[in-house]
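Participant: In this note's numbering, the protein residues as written are 50 to 374.
Backbone N, C-alpha and C define an ideal beta-carbon position, used for all residues, glycine too.
Bear in mind the structure is a predicted one, so any value in this text is a computation, not a measurement.
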Amino acid sequence: MRITQVAVTPPMLADYPESFAPLRERGIAVRINDGQYPMDAQSLARFVGTAEAAIIGLDEISATLFEMCPALRVVARNGVGMDNVDLAAASARGILVTTPLGANSTSVAELAIGLTITLARHVIPTHNRVQRGEWRRTQGMQLSGKTLGIVGLGRIGKKVAVRAQAFGMRVIANDIAPDAMFAAQHNIEMTGFGRVLEESDVVSLHVPLTDLTVHLIDRAALARMKPGALLINTARGPVIDSAALAEAITTGQLAGAALDVHTVEGRIDAVLAGLENVITTTHLGAYTRESLIATTEMAVDSILQILDGAAPIDLMNPACWPPRA
């Protein structure tokens with residue numbers, strides 16, 4: 050395979066030119082987007098243009114892009130999660146797709162724990178009151194001795210579990226493909242989804258967005274949760290039914306929720322706006338210097354491996370290997 054150009058869509062990656070040095074040393078031109086992000090379909094196609102490879106962030110990668118950019122042979126995600134990539138359309142055209150599995154897991158896990166503490170101790174509403182000149186304390190919840198329920202014990206979920214145990218929390222978890230060895234080594238009880246909801250003081254979501262997980266946390270699931278529990282979502286916004294969550298918060302079924310992801314990237318769901326005990330952030334989980342460098346370097350490595358005739362370990366459509374001539 051011949052690669053002469055790599056188009057990079059996340060503008061913030063321009064801050065890390067050293068990550069692209071291996072490409073430039075091979076004579077490959079690297080173009081980094083300095084405009085709209087994420088890009089709409091037409092803008093994305095114009096930007097990718099004649100590049101044979103693209104490093105993609107939050108942009109929607111659809112069949113339209115592949116049709117408009119026939120030279121494109123490799124799509125390398127610089128984040129995890131494949132919900133913004135039409136993998137079937139890519140595979141149909143023989144386009145290789147990679148994602149840097151595990152590269153951002155530490156940053157996301159740290160944010161999940163940080164949001165849990167912030168929510169449990171009412172840090173944000175207390176800060177806001179103090180800024181208004183009100184000196185009033187709100188009784189919080191100690192995490193030590195409480196139960197954390199993890200839905201999705203994958204790379205991120207495992208790191209959340211270990212960090213929660215350092216706070217003295219009991220950890221239970223549910224996963225469709227449980228890692229029994231890891232669970233046994235770390236004293237994590239694997240159990241059913243319903244029991245995780247019913248027994249946990251804090252439920253933390255770490256599942257990919259698939260047909261099975263859209264509105265996994267719906268009205269029925271929220272009703273099963275322990276009264277006064279906290280819900281943390283650093284996975285994907287549509288995993289939660291926002292209207293049902295707003296109802297659970299306003300009725301007091303849940304004491305609070307912290308959401309780093311939303312139904313539509315770039316805006317909060319209207320039903321959740323203004324709720325004091327709902328923390329909302331701007332998809333910050335993987336947005337650290339360390340994570341951005343790690344994910345970008347893995348994307349670059351994947352492109353170089355393909356160029357050298359080796360299948361990347363993070364190839365998402367291995368049936369397309371070896372690539373078409």
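Could you give the distance in angstroms between the alpha-carbon of E346 and the alpha-carbon of T187?
Facilitator: By one-based count along the sequence shown, residue 346 stands at place 297. By one-based count along the sequence shown, residue 187 stands at place 138. Near 44 angstroms, if we compare the C-alpha coordinates of T187 and E346.
Participant: Tell me whether S193 is buried or exposed, calling it buried when 16 or more other Cβ atoms sit within 10 Å of its Cβ.
Facilitator: As a first step, residue 193 must be located in the sequence shown, where it is residue number 144. The residue in question, S193, is exposed, as its Cβ has fewer than 16 Cβ neighbours within 10 Å.
Participant: At the level of alpha carbons, what is the spacing between R142 and F115?
Facilitator: Against the sequence shown, residue 142 aligns to sequence position 93. Against the sequence shown, residue 115 aligns to sequence position 66. Distance between the alpha carbons of R142 and F115 is about 8 angstroms.
Participant: Which residue marks the beginning of the beta strand (DSSP E) containing G198, and which one marks its end?
Facilitator: On the sequence shown, residue 198 is found 149 positions in, with the first residue counted as 1. Looking at the DSSP string, the run of the beta strand (DSSP E) that includes G198 is 196-200.
Participant: How far does the alpha helix (DSSP H) with N378 in it reach, from first residue to last?
Facilitator: For residue 378 there is no data in the structure shown, the boundaries of the chain being 50 and 374.
Participant: Under the rule that 16 or more other beta-carbon atoms within 10 Å means buried, what is D363, buried or exposed?
Facilitator: Looking up residue 363 in the sequence shown gives position 314. Buried, because 16 or more other Cβ atoms sit within 10 Å of the Cβ of D363.
Participant: Express the C-alpha separation of M190 and R170 in angstroms, rounding to a whole number.
Facilitator: In the sequence shown, residue 170 corresponds to position 121, counting from 1. In the sequence shown, residue 190 corresponds to position 141, counting from 1. For R170 and M190, the distance between alpha carbons rounds to 6 angstroms.
Participant: Is it the case that the region 203-219 contacts the region 250-270, given that we only count it when at least three CB pairs across the two stretches are under 8 angstroms?
Facilitator: Yes: the two stretches touch, three or more of their Cβ pairs being nearer than 8 angstroms.
Participant: What does G305 pair with, by DSSP beta-bridge criteria?
Facilitator: Locating residue 305 in the sequence shown gives position 256, where the first residue counts as 1. G305 is bridged to L279.
Participant: Please identify the residue among A120, L72, L333, R285 whose C-alpha is closest to the C-alpha of R95.
Facilitator: Translated into the one-based positions of the sequence shown, residue 95 becomes position 46. Among A120, L72, L333, R285, the Cα nearest to that of R95 belongs to A120.
Participant: Just checking my contact of G106 with T58 at CB under 8 angstroms: how many whole Å lie between their CB atoms?
Facilitator: Within the sequence shown, the letter at position 57 stands for residue 106. Within the sequence shown, the letter at position 9 stands for residue 58. That pair is a contact at about 5 angstroms.
Participant: Which partner residues does E183 have in the DSSP bridge list?
Facilitator: The residue given as residue 183 occupies position 134 in the sequence shown. Partner(s): none; E183 has no beta bridge.
Participant: Would a C-beta distance cut-off of 8 angstroms place L145 and C369 closer than the cut-off?
Facilitator: One-based indexing of the sequence shown puts residue 145 at position 96. One-based indexing of the sequence shown puts residue 369 at position 320. Yes.
Participant: Rounded to whole angstroms, what's the CA-CA distance from E159 to L353? Just pull it up for me.
Facilitator: As a working note, residue 159 is residue 110 in the sequence shown. As a working note, residue 353 is residue 304 in the sequence shown. One C-alpha to the other measures close to 30 angstroms.
Participant: With distances taken from CA atoms, which of M50, I52, D64 is nearest I342?
Facilitator: Position 293 of the sequence shown, counted from the first residue, corresponds to residue 342. The candidate whose alpha carbon is nearest that of I342 is D64.
Participant: Does the beta-carbon of H255 have 16 or more other beta-carbons within 10 angstroms, so that it is buried, or is it exposed?
Facilitator: Residue 255 sits at position 206 when you count from the first residue of the sequence shown. By the neighbour-count rule (16 or more Cβ atoms within 10 Å), H255 is buried.
Participant: Three-state secondary structure (DSSP) at A188?
Facilitator: Looking up residue 188 in the sequence shown gives position 139. It should be pointed out that residue 188 corresponds to Gln in this sequence rather than to Ala. Coil at Q188, not helix or strand.
Participant: Could you give the distance in angstroms between the alpha-carbon of M274 and the alpha-carbon of A161?
Facilitator: Here the question's residue 274 lines up with position 225 in the sequence shown. Here the question's residue 161 lines up with position 112 in the sequence shown. When rounded, the distance between both Cα atoms is 19 angstroms.
Participant: Secondary structure at S111, three-state DSSP: helix, strand or coil?
Facilitator: Counted from its first residue, the sequence shown places residue 111 at position 62. Coil, per DSSP.
Participant: Suppose you measure from the CA of A56 to the CA of A319; what does that come to, to the nearest Å?
Facilitator: In the sequence shown, counting from the first residue as 1, residue 56 sits at position 7. In the sequence shown, counting from the first residue as 1, residue 319 sits at position 270. Their Cα atoms are separated by approximately 35 angstroms.
Participant: Alpha carbon to alpha carbon, how far is A284 from A335? Give it in angstroms, no decimals.
Facilitator: Indexing the sequence shown from 1 puts residue 335 at position 286. Indexing the sequence shown from 1 puts residue 284 at position 235. Distance between the alpha carbons of A335 and A284 is about 11 angstroms.
Participant: Run through DSSP, which three-state label would V320 get?
Facilitator: Working through the sequence shown from its first residue, we reach residue 320 at position 271. DSSP places V320 in helix when its eight states are reduced to three.
Participant: Could you give the C-beta distance for R81 and I52, rounded to a whole number, given that I count them as a contact under 8 angstroms?
Facilitator: Taking the first residue of the sequence shown as 1, we reach residue 81 at position 32. Taking the first residue of the sequence shown as 1, we reach residue 52 at position 3. Residue 81 is actually Ile in this sequence, not Arg. Between I52 and I81 the Cβ distance is about 16 angstroms, and since that is not below 8 angstroms, they are no contact.
Participant: Tell me the residue span of the beta strand (DSSP E) that contains A56.
Facilitator: Translated into the one-based positions of the sequence shown, residue 56 becomes position 7. Start and end: 54-57.
Participant: Would you call the CB atoms of A348 and N127 closer than 8 angstroms?
Facilitator: Start at 1 with the first residue of the sequence shown, and residue 348 comes out as number 299. Start at 1 with the first residue of the sequence shown, and residue 127 comes out as number 78. Result yes, Cβ atoms of A348 and N127 sit closer than 8 angstroms.
Participant: Going by beta carbon distance, what residues of the same chain come within less than 8 angstroms of P367, once the five residues before and after it are set aside?
Facilitator: In the sequence shown, residue 367 corresponds to position 318, counting from 1. Cβ neighbours of P367 beyond the five flanking positions: A360.
Participant: The alpha helix (DSSP H) that contains I355, what's its start and end?
Facilitator: What you label residue 355 is simply residue 306 of the sequence shown in a count that begins at 1. Per DSSP, I355 belongs to the alpha helix (DSSP H) from 338-356.
Participant: Going by CA-CA distance only, name the one from L62, P71, M61 that's closest to L356.
Facilitator: Reading the sequence shown from its first residue, position 307 is the one you call residue 356. It is P71 whose Cα lies nearest to the Cα of L356.
Participant: Quick check: what's the CA-CA separation for L321 versus H332?
Facilitator: Within the sequence shown, numbered from 1, the residue matching residue 321 stands at position 272. Within the sequence shown, numbered from 1, the residue matching residue 332 stands at position 283. So the alpha carbons of these two residues sit roughly 16 angstroms apart.
Participant: State the DSSP-derived secondary structure class of S253, mapped to helix, strand or coil.
Facilitator: Working through the sequence shown from its first residue, we reach residue 253 at position 204. Three-state DSSP puts S253 in a strand.
Participant: Taking R80 as part of the beta strand (DSSP E), name the residues at either end of that continuous run.
Facilitator: Position 31 of the sequence shown, counting from 1, holds the residue named residue 80. Per DSSP, R80 belongs to the beta strand (DSSP E) from 78-81.
Participant: Taking only the alpha-carbon atoms, compute the straight-line gap between V313 and L265 and give it to the nearest angstrom.
Facilitator: As a first step, residue 313 must be located in the sequence shown, where it is residue number 264. As a first step, residue 265 must be located in the sequence shown, where it is residue number 216. Roughly 17 angstroms between the two C-alpha positions.
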